[in-house]
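Undergrad: Residue numbers for the sequence shown follow my numbering, beginning at 700 and rising by one.
Could you have a look at this structure, given as structure tokens, before my questions?
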Amino acid sequence: MPASLDTELAALAERLRRVTVRLQIGGAGEGCGIVWRPDGLVVTNAHVARGRTARVRLEDGATVEGRVLARDPSVDLAVLAIAARDLTAASLGDTAALRPGELVVALGHPLGVANAVSLGVVHEVVREPDGTPRWIAADLRLAPGNSGGPLAGADGRIVGINTLVAGGLGYALPVPLIARFLRRAGLAPPDERAA
């Protein structure tokens with residue numbers, strides 16, 4: 700790998716680490732969450748945040764209690780509030796422009812390995828009849844512990860939340876779907892538009 704590409708990938712991984720938290724639910728398992736707002740709003744998968752609370756480990760190693768504010772298993776999304784302020788929030792990407800063949804990066808804690816990075820390419824953007832992205836399918840390696848973590852474009856902007864593996868591909872929920880979930884939960888201004 701050329702030194703410049705290697706350096707850029709390392710910098711991208713560091714940016715993703717700053718906006719990714721580690722969630723532990725009881726003693727059974729763990730996943731990830733993405734810092735959505737600097738005031739402590741964290742988005743993850745509903746299958747990660749199954750209870751009312753979660754232990755949340757921040758990028759600096761501090762552990763805080765997270766309280767689940769909303770959860771919708773039908774779209775596999777949940778949002779938590781944590782008692783932390785001035786956090787680095789995720790920068791959101793343009794999922795409408797996402798195309799097969801584009802590079803994507805996932806960060807998570809697969810099988811207990813902290814802050815593991817996986818590089819792949821977009822395989823398909825599955826869209827609703829109105830053209831809204833429903834799934835981002837990518838050819839990249841994910842495992843238990845990646846759920847709720849970021850899927851980002853090569854520019855480091857978040858395009859989705861990693862959710863499942865099927866047919867050898869990783870699937871992520873795109874940013875517009877997450878924005879709709881937050882609006883329905885009353886946790887985003889009605890005029891806020893997804894990238």
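Backbone N, C-alpha and C fix where the C-beta goes; we use that ideal spot for every residue, glycine too.
Remember, predicted model here, so these are calculated numbers, not experimental data.
According to DSSP, what are the bridge partners of V864?
TA: Working through the sequence shown from its first residue, we reach residue 864 at position 165. Its beta-bridge partners are G869.
Undergrad: At what residues does the alpha helix (DSSP H) containing A878 begin and finish?
TA: What you label residue 878 is simply residue 179 of the sequence shown in a count that begins at 1. Segment 874-883, the alpha helix (DSSP H) holding A878.
Undergrad: Would DSSP call A894 helix, strand or coil?
TA: The residue given as residue 894 occupies position 195 in the sequence shown. Caution is warranted here: a pLDDT of 40 is assigned to A894, below 50, making its placement in the model unreliable, and no coordinate value can be reported.
Undergrad: Where does P843 fall in DSSP's three states?
TA: As a first step, residue 843 must be located in the sequence shown, where it is residue number 144. It is coil, neither helix nor strand.
Undergrad: What's the C-alpha gap between H746 and P809?
TA: Mapped onto the sequence shown, residue 746 falls at position 47. Mapped onto the sequence shown, residue 809 falls at position 110. Roughly 15 angstroms between the two C-alpha positions.
Undergrad: Does the Cβ of R721 have 16 or more other Cβ atoms within 10 Å, making it buried, or fewer, making it exposed?
TA: Position 22 of the sequence shown, counting from 1, holds the residue named residue 721. When all chains shown are included, R721 counts as buried.
Undergrad: Give me the residue from L872, P737, N814, A769 with the minimum Cα distance to A795.
TA: In the sequence shown, counting from the first residue as 1, residue 795 sits at position 96. Closest option to A795, Cα to Cα, is L872.
Undergrad: What is the DSSP secondary structure of P809, reduced to helix, strand or coil?
TA: Along the sequence shown, read from residue 1 onward, the residue named residue 809 stands at position 110. Here P809 sits in helix by DSSP.
Undergrad: Answer with yes or no whether the minimum CB distance from A777 to chain E is below 8 angstroms.
TA: Any reference to chain E falls outside this structure, which holds one protein chain only.
Undergrad: Rounded to whole angstroms, what is the Cα-Cα separation between V774 and L708?
TA: On the sequence shown, position 75 is the one that residue 774 refers to. On the sequence shown, position 9 is the one that residue 708 refers to. Each residue's alpha carbon lies about 31 angstroms from the other.
Undergrad: Run through the region 728-771 for me and flag every whole beta strand (DSSP E) of 3 or more residues, listed as ranges in chain order.
TA: Entirely contained in the region 728-771, the beta strand (DSSP E) runs reaching 3 residues are, in chain order, 728-736, 740-743, 752-756, 762-771.
Undergrad: For A805, which option in D854, R751, L757 has the closest C-alpha, if you only look at C-alpha atoms?
TA: As a first step, residue 805 is located in the sequence shown; it is residue number 106 there, counting from the start. Answer by Cα proximity: D854.
Undergrad: Could you name the residues of the same chain whose beta carbon sits closer than 6 angstroms to that of M700, not counting the 5 residues immediately before and after it, in chain order?
TA: Start at 1 with the first residue of the sequence shown, and residue 700 comes out as number 1. The predicted model places M700 with a pLDDT of 47, which falls under 50 and marks its position as unreliable, so this point remains unresolved.
Undergrad: What residue range is occupied by the uninterrupted beta strand (DSSP E) comprising D838?
TA: Translated into the one-based positions of the sequence shown, residue 838 becomes position 139. Element bounds for D838: 832-838.
Undergrad: Out of R840, R833, L863, P832, which has the shortest C-alpha to C-alpha gap to G847?
TA: For the purposes of this step, residue 847 is taken as the residue at position 148 of the sequence shown. Answer by Cα proximity: L863.
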